[in-house]
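Structure record follows, encoded as structure tokens.
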Amino acid sequence: MKRWWILLTFLSLIVLASRFAGFEVRPRGNSELDVGTGIYTLPTGGTITDNQSGLVLEARYIQYKDGEFIRAQGATLKAREGNFSASSLEYLQKPDTLRMSGVRFSSKEFKALSAQQGLLLGDDVLVLKGEVRSSEPVLEASTLVVDTTKDLALVLGAFTFRDGATTLRGNRPDSTLLLTVSGGKVRASTRVPADVFNRLRPYADKL
């Protein structure tokens, strides 16, 4: 259970760190500049390296404007601890958001965590939506809202959660499950405090 929570936390940290404040761009082929808009296009992809963190974004197609946005298709974000991938992503500096589709994370230690869509907001909330899956422990859900600063996650809608001999299920559209980490252990509960629900629930509608 602890491993799965670390995976969630690490995924969010990777995405946060991928906000390329000062970056180095290496085109795989030609680099095209639209002088009217200031938008660079790498039609055959390339690599963007964050000079501060050392994280590397590789993609088969990249479009960016310095200080405003990065868009990529067939993207992989590489770090020492593992790889994060998305079929497409768009980072906007204002507002500070990263929107993804076909989200997947993998490493040497953890089973895959995946979702159809992902959104990381500037206030450190990660939203995963659409066939959210994890295999250790087993999680099947439609929506997951992760508060990376509070070490908790809110599952919304029908879900299945299984860890060892423990199995929790919610079969209703309004089912909820709270995952919290304390003392190095992750605990799952169907009792969600009203303040937590009211704070995190609105984020699900942003994706």
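Basically our numbering = 1-based index in the sequence shown + 80. From the three backbone atoms N, C-alpha and C, an ideal C-beta is built for every residue, glycine too.
Q.
Can you check which of these residues, GLU112, ASN131 and SER111, is closest to GLU104 by C-alpha distance?
A. ASN131
Q: Pick out whichever of ARG242, LEU201 and LEU113 has its Cα sitting closest to the Cα of THR229.
A: LEU201
Q. Residue ranges of each alpha helix (DSSP H) run of no fewer than 4 residues wholly in the region 106 to 172, ordered along the chain?
A. none
Q: Please list, in chain order, all residues of the same chain as THR240 whose beta carbon is under 6 Å from its beta carbon, the five residues on each side excluded.
A: Excluding positions up to five away in sequence, the list reads GLU220 and ARG249.
Q | Start-end ranges of the beta strand (DSSP E) lying completely within the region 242 to 275, minimum 3 residues | A | 246 to 250, 256 to 262 and 265 to 269
Q) Using the C-alpha atoms, what's the distance from ALA274 back to VAL205? A) 18 Å
Q. Could you give the residue range of the beta strand (DSSP E) that holds ARG213?
A. 205 to 215
Q) Taking all protein chains shown into account, do 16 or more other C-beta atoms lie within 10 angstroms of the C-beta of PRO282, making it buried, or fewer, making it exposed? A) Note on PRO282: under 16 other CB atoms within 10 angstroms of its CB, so exposed under the neighbour-count rule.
**Q.** Residue range of the beta strand (DSSP E) that includes LEU199
**A.** 193 to 201
(Q) Contact criterion: CB-CB distance below 9 Å. Does THR246 meet it with respect to chain D? (A) Looking for chain D here will not work: only one protein chain is present.
Q. Taking C-beta to C-beta, are SER269 and LEU280 nearer than 9 Å?
A. no
Q.
Rounded to the nearest angstrom, what separates VAL212 and ASP176 at their Cα positions?
A. Linking VAL212 to ASP176 through their CA atoms gives a straight-line distance of about 23 Å.
Q: For LEU232, I'd like the list of residues in its chain whose CB is within less than 6 Å of its CB, leaving aside the five on either flank, ordered along the chain.
A: THR260
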